[in-house]
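Enquirer: Be aware that the sequence shown starts at 74, since it is given in my numbering, and climbs by one per residue. We put the beta carbon where it would ideally sit given N, CA and C, even for glycine. Okay, here's the structure, questions in a sec.
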Amino acid sequence: STLLRLLSPFLQRSGRVAETEVLGRAALTLARRLGDEAAEACALGDLAGLHFLTGRHSEALALNDHALAIWRRLGAESWTRRCLNNRGLLLEGLGRYAESGEALRQSLAYSRQLHDPFGEAVAHSNLGNLYEHTDPRAAIEQHLRSLAIGEETGSVVVRHSAHCNIGYAHLTLGEPAAATAHFEESLRILGSPGDWHGESQSRLGLVRALRLIGHGERAAAECAELLRRADARADRYTGALARHQHGLLLRERGRAEEAYEQWRAALDALDGTDEKTVLQELIALLDDSGLR
Numbered sequence: 074s075t076l077l078r079l080l081s082p083f084l085q086r087s088g089r090v091a092e093t094e095v096l097g098r099a100a101l102t103l104a105r106r107l108g109d110e111a112a113e114a115c116a117l118g119d120l121a122g123l124h125f126l127t128g129r130h131s132e133a134l135a136l137n138d139h140a141l142a143i144w145r146r147l148g149a150e151s152w153t154r155r156c157l158n159n160r161g162l163l164l165e166g167l168g169r170y171a172e173s174g175e176a177l178r179q180s181l182a183y184s185r186q187l188h189d190p191f192g193e194a195v196a197h198s199n200l201g202n203l204y205e206h207t208d209p210r211a212a213i214e215q216h217l218r219s220l221a222i223g224e225e226t227g228s229v230v231v232r233h234s235a236h237c238n239i240g241y242a243h244l245t246l247g248e249p250a251a252a253t254a255h256f257e258e259s260l261r262i263l264g265s266p267g268d269w270h271g272e273s274q275s276r277l278g279l280v281r282a283l284r285l286i287g288h289g290e291r292a293a294a295e296c297a298e299l300l301r302r303a304d305a306r307a308d309r310y311t312g313a314l315a316r317h318q319h320g321l322l323l324r325e326r327g328r329a330e331e332a333y334e335q336w337r338a339a340l341d342a343l344d345g346t347d348e349k350t351v352l353q354e355l356i357a358l359l360d361d362s363g364l365r
């Protein structure tokens, strides 16, 4: 049980989707067989993380809430804080913004009570992502708070995530040049591959920003590299998001038929996920072509 618990985060960070799911389900089965509630909650949390990474936010929320109930019953405040933060993140992705804000503010309060700077930084980060829907400037302020904690504690994960999130806020504001600088800094801080989710988010943002500032050739090269890495990990969700961008780049270069092929493949890969924005855009793009 302990070995399974140690292996799961490593596989998840490296983006090994299929292996992570097999291991996570084995860990959950074993924990329940042993009657080990803490191990069960850990396994539920790991599986929730996997479902989040593959775009299945509703399923992830159910798993996370089950883990949250166990940690609350056990009185484990640090784990409760983590689950509340994940709950806020998942609710934001599902468009349930009021509930998301409530969970994130509870997580932030726990972090301060526990004197947990990392937890506080992550809560500010997720609050920033929530605020981006209504006030991207306020979102950037939250990400800057997270970045300041990351600088103070020397956390690579916090610093890299903050720059990535600031990049997305600038994209929302229609400022792709500013976004490009933050995505590049995020990847520079992250360095060699290790955290696949963080890396893929930064690479995807960089592709979008480069395309919007007219650097099509570099955007295409970055997109091809992102696709290669996603396919190597059997990460269909990230691959679909990259294929959406690849199709836009192909269309700009007059290669419409190839663009449609990318969009159809992306649409198929997103089936069964909770991704709404890209899915709706793909449907519109294919409807306009008359090929869906």
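Quick one: grab the DSSP three-state call for residue 47.
Expert: Residue 47 lies beyond the range of the chain shown here (74 to 365); nothing can be said about it.
Enquirer: Relative to the alpha-carbon of residue 283, which residue among 253, 134, 160 has its alpha-carbon at the smallest distance?
Expert: Residue 283 has its Cα closest to that of 253, out of 253, 134, 160.
Enquirer: Taking only runs of the alpha helix (DSSP H) that begin and end inside the segment 241-315, which ones reach a length of at least 4 residues, in chain order?
Expert: 249-263, 269-285, 289-305
Enquirer: Residue ranges of each alpha helix (DSSP H) run of no fewer than 4 residues wholly in the segment 161-249, ordered along the chain?
Expert: 170-186, 190-204, 209-226, 229-245
Enquirer: Kindly indicate which residue of 209, 165, 176 has the alpha-carbon position closest to the one of residue 247.
Expert: 209
Enquirer: Anyone know if the C-beta pair for residue 139 and residue 133 falls short of 8 Å?
Expert: no
Enquirer: Assuming residue 165 and residue 199 are in contact, meaning their beta carbons sit under 8 Å apart, how far apart are those beta carbons, in whole angstroms?
Expert: 7 Å
Enquirer: Whose CA, out of 321, 101, 273, 323, lies closest to the CA of residue 301?
Expert: 273
Enquirer: Out of 242, 193, 207, 306, which has the shortest C-alpha to C-alpha gap to residue 218?
Expert: 193
Enquirer: Can you grab the Cα-Cα spacing for the pair residue 78 / residue 130, in whole Å?
Expert: Any reading at residue 78 needs caution, since the residue's pLDDT is 49, under 50, leaving its predicted position unreliable; the model's value is listed next. Taking the straight line from one Cα to the other gives about 22 Å.
Enquirer: For residue 357, count neighbouring Cβ atoms within 10 angstroms of its own Cβ and tell me buried if that reaches 16, exposed if not.
Expert: Exposed, by the Cβ-count rule.
Enquirer: Which first and last residues belong to the alpha helix (DSSP H) in which residue 145 is found?
Expert: 130-147
Enquirer: Grouping DSSP H, G and I as helix and E and B as strand, with all else coil, what is residue 84?
Expert: Only weak support exists for where residue 84 lies, its pLDDT of 43 falling under 50; the coordinates are left without a value.
Enquirer: Just tell me which of 233, 220, 221, 202 has its CA closest to the CA of residue 244.
Expert: Cα-wise, what sits closest to residue 244 is 202.
Enquirer: Using alpha carbons as the reference points, say which of 298, 292, 343, 303 lies closest to residue 323.
Expert: Comparing Cα-Cα distances from residue 323 to each of 298, 292, 343, 303, the minimum goes to 292.
Enquirer: Measuring only the C-alpha atoms, how far is residue 255 from residue 237?
Expert: Answer to the nearest angstrom: the Cα atoms are 6 Å apart.
Enquirer: Measure the CB-CB distance between residue 56 and residue 216 and report whether it falls below 8 Å.
Expert: The first residue shown for the chain is 74 and the last is 365, placing residue 56 beyond what the model contains.
Enquirer: First and last residue of the alpha helix (DSSP H) that includes residue 350?
Expert: Segment 350-362, the alpha helix (DSSP H) holding residue 350.
Enquirer: Does DSSP put residue 119 in a helix, in a strand, or in coil?
Expert: Here residue 119 sits in helix by DSSP.
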